[in-house]
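So the structure is just underneath, and the comments pick up after that.
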Amino acid sequence: MLTRIKALHPELRRSEQKVADLVLDHPATVVSASIAAIAEKAGVSEPTVIRFCRAIGCTGFQDFKLRLAGSLASDIPYISSGVDIGDSAGKLSAKLFDRAIATLVQARNHLNTDGVERAIDLLAAAPRIEFYGHGASGIVAQDAQHKFFRLGVPTIAYSDAHTHGMSAAILPPESVVVAISHTGRSAELIRSAELALEAGAHVIAITACGSPLANCSTVALYADVNEDTDTYTPMTSRIAHLTICDILAVGVALQRGPELAASLEKTKRNLAEKRVQDSGTS
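Following UniProt numbering, the numbering of the sequence shown begins with 1 at its first residue and continues without gaps.
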């Protein structure tokens, strides 16, 4: 819930942002406070508190409090300890592993499984699958393409905006584009998603809740995780994105079942033949 509020913060009205700031700064206090107390502390009216609750996807104030309480009970604390120049290899390793673990748990707790099921259905039925992403998300797109081509579906990954824009415009109907972006605010990626929809394809967005990319997708899978801006550390969101792509690939493989098993076994044998075998002893 806190991650969702943080992601939606720029989209809220100024008065609603005051409520959001209060919740983000004092979640444990807010969860047990009355609507009047929250309005007073935030310096807004009670109707503004209600509008804030609805703006973040809740049906009302009580629904908001229930969701916030559940989120506080299930979420693990965000690992925010920065990397220091003097860190030993052991301390550095512990910090980065902790960040990765926190990212995965956070993504798991917020993942919409109904959306995952819908995405798997679309991918399993698609005549063609294309993965789009820029920068670090482009690497995730390539990794996803590497997994999906073994499922017997024509697939490709694009990280160049001009190329995926042209491809999106001529996609066959019922094809699927998987657009990957931590912020969901890349104008070129959003435009390609729109072109894909206009061509009759579906768009699965792996992105932030409430982002423009999420809003122009057929299915949005939210990867709302706290991103590090530390100079020395890589983006942790890519770990969540990679795992979500793994979930989709395994889900499609399971859905296609026996018809795919022979193909996967053939691929496995081919890989085994390329490995150096033990010479054994004479």
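Cβ coordinates follow ideal geometry from the N, Cα and C atoms, glycine included.
- Task: Classify residue 285 as buried or exposed, calling it buried when 16 or more other Cβ atoms lie within 10 Å of its own Cβ.
- Result: The structure shown has nothing for residue 285, since the chain only spans 1 to 282.
- For Val203, count neighbouring Cβ atoms within 10 angstroms of its own Cβ and tell me buried if that reaches 16, exposed if not. By the 10 Å Cβ count, Val203 comes out buried.
- Nearest-angstrom Cα separation, counted from Lys41 out to Leu24: Computed Cα separation, rounded: 13 Å.
- Glu130: buried (16+ other C-beta within 10 angstroms of its C-beta) or exposed? Its Cβ being crowded by 16 or more others within 10 Å, Glu130 is buried.
- Query: Cβ of residue 285 within 9 Å of Cβ of Val177?
  - Reply: Only positions 1 to 282 of the chain appear in this structure, which leaves residue 285 out of reach.
- Task: For Ile190, I'd like the list of residues in its chain whose CB is within less than 7 Å of its CB, leaving aside the five on either flank, ordered along the chain.
- Result: The residues Pro212, Leu213, Cys216, in chain order, have a CB closer than 7 Å to that of Ile190 in the same chain once the five nearest residues on each side in sequence are set aside.
- Item | Buried/exposed call for Arg14, threshold 16 Cβ in 10 Å | Classification for Arg14: exposed.
- Task: Tell me whether Ser80 is buried or exposed, calling it buried when 16 or more other Cβ atoms sit within 10 Å of its Cβ.
- Result: Residue placement at Ser80 is poorly supported in this model, since its pLDDT is 48, which falls under 50; the coordinates are not used for a value here.
- For Phe148, the first and last residue of its enclosing alpha helix (DSSP H): Where Phe148 is concerned, the enclosing alpha helix (DSSP H) starts and stops at 136-148.
- Query: Buried or exposed: which applies to Ser137, given that a residue is buried once 16 or more other Cβ atoms fall within 10 Å of its Cβ?
  - Reply: By the 10 Å Cβ count, Ser137 comes out buried.
- By Cβ distance, which residues of its chain are closer than 7 Å to Ile120, with the 5 residues on each side in sequence left out? Leu248, Gly251, Val252, Gln255.
- Query: If you follow the alpha helix (DSSP H) that Thr3 is part of, which residue opens it and which one closes it?
  - Reply: Thr3 -> alpha helix (DSSP H) spans 2-8.
- If you draw a straight line from the alpha carbon of Ser34 to that of Ala196, how long is it in whole angstroms? Within the model, the alpha-carbon separation for Ser34 versus Ala196 is close to 46 Å.
- Span of the alpha helix (DSSP H), counted from its first residue to its last, around Leu221: Note, Leu221: premise wrong, no alpha helix (DSSP H); beta strand (DSSP E) at 219-222.
- Query: With which residues is Gly133 paired in a DSSP beta bridge?
  - Reply: DSSP, once it has assigned bridges, lists Ile180 as partnering Gly133.
- Query: With a CB to CB cut of under 6 Å and the five nearest residues on each side skipped, what residues in its chain are close to Gln142?
  - Reply: Contacts found: Ala157.
- Best match in Ala187, Glu198, Ser186, Val153 for proximity to Ser167 [C-alpha to C-alpha]: Ser167 has its Cα closest to that of Glu198, out of Ala187, Glu198, Ser186, Val153.
- Message: Less than 8 Å between C-beta atoms, sequence neighbours within five positions excluded: which residues of the same chain meet that for residue 323?
- Response: This structure leaves residue 323 out entirely; the chain is present only between 1 and 282.
- Message: If I measure Cβ to Cβ from Val44 and keep anything under 7 Å in the same chain, skipping five residues before and after, which residues do I get?
- Response: Closer than 7 Å at the Cβ level, and outside the excluded window around Val44, lie Ser15, Lys18, Val19.
- Message: Looking only at its chain, what residues have a beta carbon closer than 6 Å to the beta carbon of Ala107, apart from the 5 residues adjacent to it on each side?
- Response: Closer than 6 Å at Cβ, skipping near neighbours: Ala223, Val225, Ala240.
- So what's Thr207 in DSSP terms, helix, strand or just coil? Of the three classes helix, strand and coil, the one that applies to Thr207 here is strand, per DSSP.
- Query: Taking the beta strand (DSSP E) that Ala157 falls in, what are its first and last residues?
  - Reply: It spans 155-158 - the beta strand (DSSP E) in which Ala157 sits, taken as one unbroken run.
- Burial state of Arg238 (16 or more Cβ within 10 Å): Arg238 sits buried, since 16 or more C-beta atoms from the chains shown fall within 10 Å of its C-beta.
- By Cβ distance, which residues of its chain are closer than 7 Å to Thr183, with the 5 residues on each side in sequence left out? Within the same chain, Thr183 has close Cβ partners Ala208, Ser211.
- Query: By Cβ distance, which residues of its chain are closer than 7 Å to Ser159, with the 5 residues on each side in sequence left out?
  - Reply: If we look at Ser159 and ignore the five residues flanking it on each side, its Cβ neighbours are Gly133, His134, Gly138, Ala141.
- Sort out for me which residues DSSP pairs His202 with in a bridge. Looking at the DSSP output, His202 bridges to Val176.
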